[in-house]
Amino acid sequence: MDEHLGERLSAYVDGDLEGEALAGAEAHLATCEACRAAVQDLRRVVGLARALDDRPPAADLWPSIAERIGAARPDVVPLGSRRRRFAFSIPQLAAAGLALCALSAGGAVTAARFLAPGRAPAPLALTAPGGVARPVADVTASYDAAIHELEGLLSTRRGDLDSATVRAVETSLRIIDQAIAQARAAVERDPNDVYLNGHLRSTLDRKLDVLRRAAMLPRAS
Amino acid sequence: MKTPILALAVGLGVVLLAAPRPAGAQTTLDTTLAVRAGARFELQNVSGTVRVRTTRRQEIRIHVEYDRARIEIDASSSLVSVRTVPRRNGGDADYTVEVPANTPLTVNGISSDVDVQGVCGEAELQSVSGDVRLTCAQGNVSATSVSGDVVVADARGRLEVGSTSGDVTVRGARADVSAHSVSGDVVLARVEGQDVGAESVSGEISFAGPIRDGGRYRFQSHSGDLVIRPDGALSATISVSTFSGDLESDYPVTLGQGGRMRAREFEFTVGGGGARVTLASFSGTIYLRRGGAPGREDER
């Protein structure tokens, strides 16, 4: 059997292959069950991402907040016209999937946060309809689960990454953890504060983003 | 020493395999491929350097010196894809590549520095532990690293730059910019865009450039300071959020008409308020300076 599709997978799913490359990929898929399964998985993840991207948050909390404080809708960074590429390879699908799981659980977080890294939507308030603050534990529970999973995945990939990179990532994660602890403590003291809640969430987002990026890094050699 | 090339015709494409050499023997591969206008160039390197420059010819020239690795080149008239395949405990490769101006580029490195100058097309550059430097790009542009520094100059279009622990610098851009870092500093100098954002955890964020009517500018950190220097006359609605940080402003902060204030957030207007500026730092100091005005933060 010829070589698996490997890094051509995402290009195939994106529809970027043409001519010989496309024909070759299709010929391989016709005979390779593993690659067919990988394509299905990748399409599922991409489909989920796209669906989430277009879907309003499960509970759009902003209207009640806006009404209460007389403010306009917060800035949301658009994805823009740039076509997103989903450059996942098979071993990295898990990281993408986990990020998407967190995204589903998070509700108010958009796909752009994960799939267009670096875009920084304004943090959304975490106050429930009616203006009642949700407990910090509720707010962060969905993040905690996703973070735990991604940390586990990253742990299994330590051997794939060079030690300097692992150190840099771990140092950054410690810095983010300190920031999360400070933000969490501030929210516990003042659970109704819109800025503090948003800041806690954006810092958790940052940790998820770093973990996701780290879990998806290519092997060192 | 030149490396023998095994050229295998595969349909319309060509696969060139530079044969591996014994460990410790530096090997050179130099090949030139004719491409059509708009052809894309992609390169994946493990360790070493990647330098990309321009040529006036409609061709892509690849010069690589490598050790304990195999170089794979997959070429058609519309795409040239190059990959370093390391052997055990190896994989060093130093590339110098010449491409036609405006060639769309994708370069990925692991512990490889990436340096692209003068190509002026779309670019997606990434390294894990290497530095990324890009001069002249347009369209959709991204330059990221995990622990290396990222420097981009003369970019137009839409720019994403980021590093986890390295510094991120953009000098001279007419682009919408999204920049992020965890512990590295983010410097946006002479950046002209309608949609500019930067985010860090402990790194400092500095911005210098015009604030345009209708534009959106968002800068947020946890403990890093924000140093914002609008160029020219400022007309903006400015939202400031902080927990234990400070605001030092060269502009009058008036919480009058249109301004609103909550416990840790307030909003004020400078001029007609045509732009929207969001400044948020949990514990860092926010400096809002008139363009070019030195402040206390410069003395550190």
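So the sequence lines, in the order shown, correspond to chains A and B.
Counting from -7, one number per residue, gives the positions in the first sequence under our numbering.
Counting from 19, one number per residue, gives the positions in the second sequence under our numbering.
Ideal Cβ positions, reconstructed from N, Cα and C, are used throughout, including at glycine.
Just so you know, these numbers come straight off a predicted model, no measurement behind them.
> Nearest CA to the CA of ILE167(A): which residue from ARG198(A), GLY190(A) and MET208(A)?
Replying inline: ARG198(A)
>> According to DSSP, SER130(B) sits in a beta bridge with which residue or residues?
In response: GLY66(B)
> Under a three-way DSSP split, which group does HIS240(B) fall into?
Replying inline: coil
> How many Å lie between GLU140(B) and LEU152(B) at the Cα?
Replying inline: 11 Å
> Hey, is ALA171(A)'s beta-carbon within less than 8 Å of any beta-carbon in chain B?
Replying inline: yes
>> Tell me which residue opens and which closes the alpha helix (DSSP H) that ASN189(A) is part of.
In response: 186 to 207
> With 16 other CB atoms within 10 Å as the buried threshold, where does GLU12(A) fall?
Replying inline: exposed
>> Does LEU203(A) pass the burial test, meaning 16 or more other C-beta atoms within 10 Å, or should it be called exposed?
In response: buried
>> Which same chain residues end up closer than 6 Å to ARG234(B) when comparing Cβ atoms and leaving out the 5 residues on each side of it in sequence?
In response: ASP213 and ARG294
> Which term fits ARG74(B), buried or exposed, when burial requires 16 or more other beta carbons within 10 angstroms of its beta carbon?
Replying inline: exposed
> Cα separation between ASP332(B) and VAL219(B)?
Replying inline: The requested residue 332(B) does not occur in the structure, where chain B is confined to residues 19 to 318.
> In three-state DSSP terms, what is ALA119(B)?
Replying inline: coil
> How big is the Cα-Cα spacing for VAL204(B) and SER196(B)?
Replying inline: 11 Å
> Under a CB-based cut-off of 8 Å, is PHE59(B) close to chain A?
Replying inline: no
> Looking at the structure shown, is ALA17(A) part of a helix, part of a strand, or coil, going by DSSP?
Replying inline: helix
> Who are HIS2(B)'s beta bridge partners in DSSP?
Replying inline: With chain B covering 19 to 318 only, the question about residue 2(B) has no answer from this structure.
> Buried or exposed: PRO270(B), going by 16 or more other Cβ atoms within 10 Å of its Cβ?
Replying inline: exposed
>> If you follow the alpha helix (DSSP H) that SER2(A) is in, where does it begin and where does it stop?
In response: 0 to 6
> Closest Cβ-Cβ distance between PRO183(A) and chain B: below 8 Å?
Replying inline: no
> Taking contact to mean at least 3 C-beta pairs separated by less than 8 Å, is the region 91 to 101 of chain B in contact with the region 50 to 60 of chain B?
Replying inline: yes
> Is any beta-carbon of chain A found at less than 8 Å from that of HIS240(B)?
Replying inline: yes
>> Could you check whether the region 130 to 139 of chain B touches the region 82 to 97 of chain B, counting it as contact only if at least three pairs of C-beta atoms, one from each stretch, sit closer than 8 Å?
In response: no
> Which same chain residues, not among the five before or five after ALA43(A), have their C-beta less than 6 Å away from its C-beta?
Replying inline: Confidence in ALA43(A) is poor, its pLDDT being 38 and thus under 50, which makes the residue's placement unreliable; the coordinate value appears in the next sentence. Same-chain partners within the cutoff: there are none.
>> Could you check whether the Cβ of ILE139(A) sits closer than 8 Å to any Cβ belonging to chain B?
In response: no
> According to DSSP, what are the bridge partners of GLU60(B)?
Replying inline: SER99(B) and THR124(B)
> By how many angstroms is the C-alpha of LEU51(B) removed from the C-alpha of GLU77(B)?
Replying inline: 5 Å
> Residues in the region 142 to 163 of chain B with C-beta within 7 Å of chain A's C-beta atoms, listed in sequence order?
Replying inline: VAL146, SER147 and ASN158
> Any C-beta of chain B sitting closer than 8 Å to the C-beta of VAL202(A)?
Replying inline: yes
>> Using the three-state DSSP reduction, which class does SER267(B) fall into: helix, strand or coil?
In response: strand
> Can you tell me the Cα-Cα spacing of GLY215(B) and LEU200(A), whole angstroms?
Replying inline: 19 Å
> When the Cβ atoms of the region 79 to 86 of chain B are set against those of the region 103 to 120 of chain B, are three or more pairs found closer than 8 Å?
Replying inline: yes
> With LEU306(B) and SER257(B) assumed to form a contact (beta carbons below 8 Å), what rounded beta-carbon distance in angstroms separates them?
Replying inline: With 8 Å as the limit, LEU306(B) and SER257(B) do not qualify as a contact, their Cβ atoms being about 12 Å apart.
>> Determine whether the beta carbon atoms of LEU192(A) and ARG176(A) lie at a separation below 8 Å.
In response: yes
> Is the Cβ of ILE304(B) closer than 8 Å to any Cβ of chain A?
Replying inline: no
> Buried or exposed: where does LEU188(A) fall if 16 or more other Cβ atoms within 10 Å of its Cβ makes it buried?
Replying inline: buried
> Going along chain A, which residues have a C-beta under 8 Å from GLU283(B)?
Replying inline: VAL186 and TYR187
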